[in-house]
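Each remark here refers to the structure printed beneath this line.
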Amino acid sequence: MENFLKRLLRLIPVLIGISLIVFLMINLTPGDPVQIMLGDQFVTQEMEQTLREDMGLDLPIYQRFGRFLYNAAHGNFGRSFFHRRPVMDVILERLPATIELTLCSMLMAIFISIPLGVLAAVKKGTVYDRSSVVTAMIGVSMPGFWFGIILIILFSINLQWLPVSGRSTFSMSVPSVTGMLLIDTLLAGEIDSFFDAAKHLILPTITLGMAMGATLMQVTRASMMEVLKQDYILFAEAKGLKWFRVTFLHALKNALIPTITVAAIQTGQLLGGNMIIETIFGWPGVGSLVVQAIFNRNYPLVQAAVLIYVLVYVIMNFTADILYTVFNPRVRL
Amino acid sequence: MNHQSPLLKINNLCTYFDTHGGIVKAVDGVNIDLYPGECLGVVGESGSGKSVTFTSVMGLIKKPGKIVSGSIEFQGKDLARFTQRQYRNIRGKKIAMTLQDALTALNPSIKIIDQISEVLKEHDSEIKSQGKKAIKKRAIEMMTLVGIPDAKNRLKDYPHQFSGGMRQRIMIAIALSCKPKLLIADEPTTALDVTIQAQVLNLISEIRKELDMSVIIITHNLGVVSEYTDRTVVMYAGQIVENGLTRDVILNPQHPYTKGLLKSIPRLSDLRKKIHPIPGQVCDLVNLPAQCRFFSRCSYRTAACKKNIEIRKLDGHGEVRCKLIDE
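Those sequence lines, one after another, are chains A and B.
Just so you know, we're using the numbering used here here: the first sequence kicks off at 10 and counts up by one.
Just so you know, we're using the numbering used here here: the second sequence kicks off at 234 and counts up by one.
In structure tokens:
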């Protein structure tokens, strides 16, 4: 617990540093939000000036940063230029879609890659092992945008089995409890809507899960091979235990330690929203929102989103550390 | 000499490893008889094949290793022909094995209680049917038997929370929990402090008498052998070079290698006397020359040694693989 507090305190300078970098980067990027907003409309100089003052963009950059920090420390991240609403509201509205996609991809990656990685290590050098290593290599090196588009062409356009994009075909009338459609539709008892939401999830989940799963499989296989060489595996076998228990308890419990770390980091990255995948599949998550915000020079939204990324990242790392102690009693927090 | 039928009879066992560099003949024609209740010491330096021999007995030789020929008769059944499934009824139940370093042999992320009770659950259907409490009680009994103080409160501890000697005791407790007929102790003292070594060996001999089991102690320490074993087998380069009652082997060694081993032990009683290490290294197990395998290191070698040497019975109980001993 004491350690946890220390970690939280250490987070403060990190957050300030990252805010500064992001603030500078987005503000120094060419492009003026006021100009973008006005577009082709005819406005007088005064009107433009009023708008600029209204958005707080007339101040020098260091004052703007100071103001941003002050407001952020008070939980106020400003209003989205584009949506004309507080940025946190906009982000939180989009977050459940991202979380839903991340969880599905993560679960798919974990449940497929860990058993496959274990088997590859156990059957080291066989055809099975080699083919799974090659598959994993393809999975890791295949760009997500390309794989996603291939899936869309194959399953949505040619076979017409699955929808092309979005989260649902018709606008859902189910009450939003968690914001995650799979859960909300089940809670409302609307089975048709549930399957509709599930169908929309399949392709983006496969696209994301493939890349994650391929990495996880490689990590699991490598650490499993290392563990299988250990004396305690020989001793477990000398005890006359069943193959399954030796492999999936004695070996895997130790081999999962690196896998957990990688999985947690991946999840942390994904919870920020995968911009490319969300854009391809028209997934209304945080990732596609931030992409839009960057194009619109929607400074407050980008800044707030990045801060959330950092927080999520740290939380996931912390979760990984806790899981660590479960699997590795030699590490005490 | 014992007139019972042997508990374990290893007959002309050959275990080879098919590596890139050629076939490594790690164990090449080993014969060992072990009688019920007997304690056998197996001595030899690293690479002499002593561990591989008994890993073969446990059926745990991994690829690229393979038992090429020979039989391992245990209670009249040939283990070398057993399937893995049949073997599970032997390992941990009738033949148990402890490894050199308990720190690496105990699973670091599983509680001690679980590591003991899983053997009981696997092999002892009687105690399993009595439920969790009986298993736990038995685990505490075993830990107390091997001398873990305050065993009841340490069940939920992990291996790293115990000292080296305690870990070795726990490993012995696990190995003995199903009251096996045979315990194979692979280098039981190598990883321990000298003071703890004697404790662990005494523990093994006590339990051996209590459970009436046979024990095989694999070691490179002749001191251990001389004090705790009835009979000694000396291995060199995958073969047995000398086999006899421990007393004979230690006091009156026949094979030049055994003599060399005895000379290379430092003695406190005679500090001025230099120790005599055996020069050279174990021969290459891939390209074995058709001559005595100890030839290049032997200080007694003659032209007669330049051919394959068979093991021969001596007048007493022993056997030796050397041309120079009078026929």
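Ideal placement from N, C-alpha and C gives every residue a C-beta, glycine not left out.
Could you spell out where the alpha helix (DSSP H) holding residue i opens and where it closes?
i                      : result
residue 141 of chain A : 136 to 150
residue 330 of chain A : 308 to 336
residue 80 of chain A  : 70 to 82
residue 126 of chain A : 96 to 131
residue 191 of chain A : 190 to 197
residue 61 of chain A  : 54 to 63
residue 522 of chain B : Element bounds for residue 522 of chain B: n/a, residue is neither H nor E.
residue 290 of chain B : 283 to 290
Taking the beta strand (DSSP E) that residue i falls in, what are its first and last residues?
i                      : result
residue 358 of chain B : No beta strand (DSSP E) contains residue 358 of chain B, which is instead part of the alpha helix (DSSP H) from 358 to 362.
residue 531 of chain B : Residue 531 of chain B -> no beta strand (DSSP E), and no H or E assigned at all.
residue 411 of chain B : Element bounds for residue 411 of chain B: n/a, residue is neither H nor E.
residue 243 of chain B : 241 to 252
residue 304 of chain B : 298 to 307
residue 266 of chain B : 255 to 267
residue 276 of chain B : 272 to 276
Taking Cβ-Cβ distances shorter than 8 Å, what residues in chain A pair up with residue i?
i                      : result
residue 381 of chain B : Those within 8 Å of residue 381 of chain B in chain A number zero; the least Cβ separation is about 18 Å.
residue 341 of chain B : 241, 263, 337, 338, 339
residue 509 of chain B : Per Cβ cutoff of 8 Å: no residues; residue 509 of chain B is ~34 Å from chain A at best.
residue 253 of chain B : Residues of chain A passing the Cβ test: none, with the nearest at roughly 13 Å.
residue 376 of chain B : Residues of chain A passing the Cβ test: none, with the nearest at roughly 16 Å.
Quick check: what's the CA-CA separation for residue i versus residue j?
i                      : j                      : result
residue 342 of chain A : residue 175 of chain A : Model confidence at residue 342 of chain A stands at a pLDDT of 46, short of 50, so the residue's coordinates are unreliable; what they give is reported in the following sentence. Rounded to the nearest angstrom, the two C-alpha atoms are 42 Å apart.
residue 112 of chain A : residue 351 of chain B : 35 Å
residue 215 of chain A : residue 295 of chain A : 19 Å
residue 527 of chain B : residue 419 of chain B : 24 Å
residue 246 of chain B : residue 497 of chain B : 29 Å
residue 346 of chain B : residue 389 of chain B : 6 Å
residue 293 of chain B : residue 254 of chain B : 22 Å
residue 91 of chain A  : residue 42 of chain A  : 9 Å
residue 258 of chain A : residue 313 of chain B : 28 Å
residue 141 of chain A : residue 160 of chain A : 21 Å
residue 260 of chain A : residue 236 of chain A : 6 Å
residue 554 of chain B : residue 544 of chain B : 4 Å
residue 534 of chain B : residue 490 of chain B : 11 Å
residue 77 of chain A  : residue 326 of chain A : 27 Å
residue 122 of chain A : residue 190 of chain A : 26 Å
residue 234 of chain B : residue 242 of chain B : With a pLDDT of only 48 at residue 234 of chain B, under the threshold of 50, the placement of this residue in the model should not be trusted; the figure read from the coordinates follows. Cα to Cα, residue 234 of chain B sits roughly 16 Å from residue 242 of chain B.
residue 85 of chain A  : residue 273 of chain A : 29 Å
residue 163 of chain A : residue 262 of chain A : 39 Å
residue 251 of chain A : residue 321 of chain B : 7 Å
residue 170 of chain A : residue 298 of chain B : 51 Å
residue 334 of chain B : residue 340 of chain B : 12 Å
residue 183 of chain A : residue 277 of chain A : 29 Å
residue 362 of chain B : residue 371 of chain B : 13 Å
residue 400 of chain B : residue 330 of chain B : 15 Å
residue 277 of chain B : residue 225 of chain A : 44 Å
residue 98 of chain A  : residue 306 of chain A : 18 Å
residue 301 of chain B : residue 406 of chain B : 33 Å
residue 260 of chain B : residue 516 of chain B : 13 Å
residue 337 of chain B : residue 303 of chain B : 31 Å
With a 10 Å radius around its C-beta and 16 neighbouring C-beta atoms as the bar for buried, classify residue i as buried or exposed.
i                      : result
residue 71 of chain A  : exposed
residue 296 of chain B : exposed
residue 49 of chain A  : exposed
residue 56 of chain A  : exposed
residue 319 of chain B : exposed
residue 339 of chain A : exposed
residue 309 of chain A : buried
residue 213 of chain A : buried
Below 8 Å on C-beta distance, what does residue i contact in chain B?
i                      : result
residue 259 of chain A : 340, 343
residue 251 of chain A : 321, 355
Show which residues of chain A have a CB atom less than 7 Å away from the CB atom of residue i.
i                      : result
residue 334 of chain B : 240
residue 326 of chain B : 249
residue 391 of chain B : 338
Residues of chain A with CB under 9 Å from residue i, in chain order?
i                      : result
residue 550 of chain B : Within chain A, no residue comes near residue 550 of chain B; the closest Cβ sits about 31 Å away, beyond 9 Å.
residue 337 of chain B : 239, 240, 241, 244
residue 293 of chain B : 243, 246, 247
residue 352 of chain B : 248, 249, 250
residue 407 of chain B : 244, 248
residue 330 of chain B : 243, 244, 247, 248
Is the Cβ of residue i closer than 8 Å to any Cβ of chain D?
i                      : result
residue 489 of chain B : Judged by its chain identifiers, the structure shown contains no chain D, and its protein chains are A and B.
For this session: Please specify which runs of the beta strand (DSSP E), each continuous and at least 3 residues long, are wholly inside the stretch 432 to 491 of chain B, giving them in chain order.
Result: 447 to 452, 464 to 469, 472 to 478
For this session: Return the chain-ordered ranges of every alpha helix (DSSP H) run that is complete within the stretch 220 to 299 of chain A and spans a minimum of 4 residues.
Result: 240 to 247, 261 to 280, 284 to 289
Problem set entry | Whole runs of the alpha helix (DSSP H) within the stretch 317 to 388 of chain B, excluding any shorter than 4 residues | 317 to 320, 335 to 338, 345 to 356, 358 to 362, 365 to 378
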